[in-house]
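Per the working numbering, the very first residue in the sequence shown carries number 7; after that it's consecutive.
The C-beta atom is built at its ideal place from N, Cα and C for all residues, glycine as well.
Let me begin by presenting the structure, written as structure tokens, before commenting on it.
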Amino acid sequence: MSRPRIVIVGAGFAGYRTARELSRMSRGKADITLLNPTDYFLYLPLLPQVAAGILEPRRVTVSLSGTLPRVRLVLGEADGIDLDGQTVHYTDPEGGEGTLPYDRLVLAVGSVNKLLPIPGVAEHAHGFRGLPEALYLRDHVTRQVELAAAADDPKSCAARCTFVVVGAGYTGTEVAAHGQLYTDAQVRKHPLREGMRPRWLLLDVAPRVLPELDEHLSRTADRTLRERGVEVRMGTSVKEATPNGVLLTDGEFVETRTLVWCVGVRPDPLVEGTGQPLERGRLIVDPYLQLPGHPEVFACGDAAAVPDLNNPGTYTPMTAQHAWRHGKAVARNVAASLGVGDKRPYRHKDLGFVVDLGGAKAAANPLGIPLSGPAAGAVTRGYHLAAMPGNRVRVAADWLLDSVLPRQAVQLGLVRSWSVPLDTASPELARVPGGPERRQEAGARSGPGAATARDTQSGERASEPPAKNQPGGEPAKKQPGGEPAKQQPGGEPAKNQPGGEPAGPGPADEPHKAPGPVRRTDETPAEGDS
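Structure below.
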């Protein structure tokens, strides 16, 4: 008798946990296949520390093949699901296509940046949900401070040292907090014109920072940011992004070369093509995380609307904590469907949240106990070390070194702006020009992220191809080039951040389509809420 075939799509918090638990529970009695675009699990909550030069990139990645015994890894991106034929169609990193048959399917495809219909944002902003985006932001911020220090024009110096972050959820708050510390450390080595210092703005239409968390955490984060010099502007967002900066909803025009978009996430567009009932873009599942009408299909993480049994009538929010717990519940129920153990509905208990504000500062409420300052910082780092499925010693070593040695502020040039567009469905992958593109190419850009005369000054000329050792080699003709103005991650991340951000209102459910082959599309209109 052949062994049951289990296919897991996505290796985020939910998918990785599912694969790990099933590997342990199956004991080789099932064929487990994990389909993912990369060969690593990304621990998103520590991504701001990568952008700030505290952690090296590999510290926040965990090898899939090295930590998931008895799991077959297939590199590729799912772009079609045939629910009737029980197959998943995918495209590998080199453009090859393949099909994976399954007896049990776990959809853990996660989420993507949520775009709003704001003029210029798609062209001039960058997200913060993948390793390439963090590496790009670190290089970009470093370069802007260095260019500002050498600038003769006070106006140009001020614009280059102004950094705008939109979205005061987990990701945006942590990016602004770490960013201010990083640039302040830089200007001590590269002094700016007299009287100037880096300027960070954190914007959100919400009435307070971290609106999804309790007021203690919000007040602690707000106070720490303001003491550090970050301009926190609630009830304010971007009305338009232009080549020279951003126009705010209060009428002020801020000249900047950096716009970081952290306003939220939406479920991966792959799930919309299944023709199954949706709740704000998420697949509706039962308390056992099974798809109604298709008991062989399970969904979890940000792609699934899981009933919150502790709050009837609601769904669990799109957070890393829930995704991690979803993974364990799905693994148990998949095993039960194969005759191993009993299935159980998903229930959760709130253990508290932590927000890393850089240095020794943090905000936390473990088990409901409000903490701030160094105590919260210790709890926050302890939580991350406990939650990480690998690299704990290396992460702790980097933290120790950062506390006693000056931070290295250098441009590695590994990721160019055109390879991390805001409208990508795979932020974990740097776009490779000339390679297999699954999405419509963006047109030529202008502005802070574009090929203009300013790129000659910044060192990213679209007219010149990247060096041969740069990922992607030569840029495609219509790839946007240059630098952006600059994100979201607010959802998170900051979705995928512990506690992440709730999903915003999504598109209304479309009429149910008959199950059959579906194709992934990244041309799905972005949600239009604010």
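Note that the C-beta distance between R78 and A36 is not below 8 Å. The beta carbon of P125 sits closer than 6 Å to the beta carbons of E246 from its chain, once the five residues preceding and following it are set aside; these are given in chain order. In its chain, beyond the 5 residues on either side, A337, R338, A341, V346 and G347 have a beta carbon closer than 8 Å to the beta carbon of M31.
Beta-bridge analysis with DSSP links F259 to L253. When rounded, the separation of the alpha-carbon atoms in V68 and G116 is 17 Å. For N42, the enclosing beta strand (DSSP E) covers residues D37 to N42. Distance from L141 to P63 at the Cβ level is roughly 6 Å; contact confirmed, criterion being Cβ atoms closer than 8 Å. Taking 8 Å as the cut-off, the Cβ atoms of E139 and H132 count as close.
Here A157 carries a coil assignment [DSSP, helix/strand/coil].
Taken atom to atom, the span from the alpha-carbon of H130 to that of R11 is near 44 Å.
Counting the other Cβ atoms within 10 Å of the Cβ of L357 gives fewer than 16, which makes it exposed. A174 sits away from A114, with the two beta carbons spaced by 8 Å or more.
Rounded to whole angstroms, the gap between the alpha carbons of L187 and R203 is 12 Å. Using a C-beta cut-off of 8 Å, the segment 151-169 makes no contact with the segment 48-57, since fewer than three inter-stretch Cβ pairs fall below that distance. In this model, F47 and L411 are separated by some 29 Å (Cα to Cα). Runs of alpha helix (DSSP H) with 4 or more residues, each lying fully within the segment 133-196, are found at 137-156, 160-166 and 176-195, listed in chain order.
M240: member of the beta strand (DSSP E) spanning E237 to M240, first to last residue. Straight through space, the alpha carbons of P323 and L81 are spaced by roughly 29 Å. Judged by pairs of C-beta atoms under 8 Å, the segment 262-269 does not touch the segment 189-204, as fewer than three such pairs exist. Ranked by Cα distance from L74, the options D98, A25, T386 and L122 are led by A25. Contact holds between the segment 230-239 and the segment 166-185, because three or more Cβ pairs, one in each stretch, are under 8 Å apart. Under the three-state reduction of DSSP output, H354 falls in the coil class, being neither helix nor strand. Of the candidates K120, G104 and L219, L219 places its Cα closest to the Cα of P376.
In this chain, A25 is not harboured by any beta strand (DSSP E); it is covered by the alpha helix (DSSP H) spanning F19 to S32.
Not a single unbroken stretch of the beta strand (DSSP E) spanning 3 or more residues falls wholly within the segment 379-419. Between the C-alpha atoms of L315 and R353 there is a straight-line separation of about 6 Å. For T73, the three-state secondary structure derived from DSSP is helix. Counted as a single uninterrupted DSSP element, the beta strand (DSSP E) harbouring D85 occupies residues E83 to D88. One thing to note: P427 has its Cβ no nearer than 8 Å to the Cβ of P351.
Where A342 is concerned, the enclosing alpha helix (DSSP H) starts and stops at A326 to S343. In the DSSP assignment, E129 falls within the alpha helix (DSSP H) that extends over V127 to H130. Around the beta carbon of K161, fewer than 16 other beta carbons lie within 10 angstroms, which makes this residue exposed. Minimum Cα-Cα distance from G201 among the listed residues P217, A164, A403 and S224 corresponds to A164. Residue pairing by DSSP places W267 opposite V172 in a beta bridge. Residue range E221 to R234 is occupied by the alpha helix (DSSP H) that includes D228, with no beta strand (DSSP E) assigned at that position.
An exposed status is given to T105, since fewer than 16 other beta-carbon atoms sit within 10 Å of its beta-carbon.
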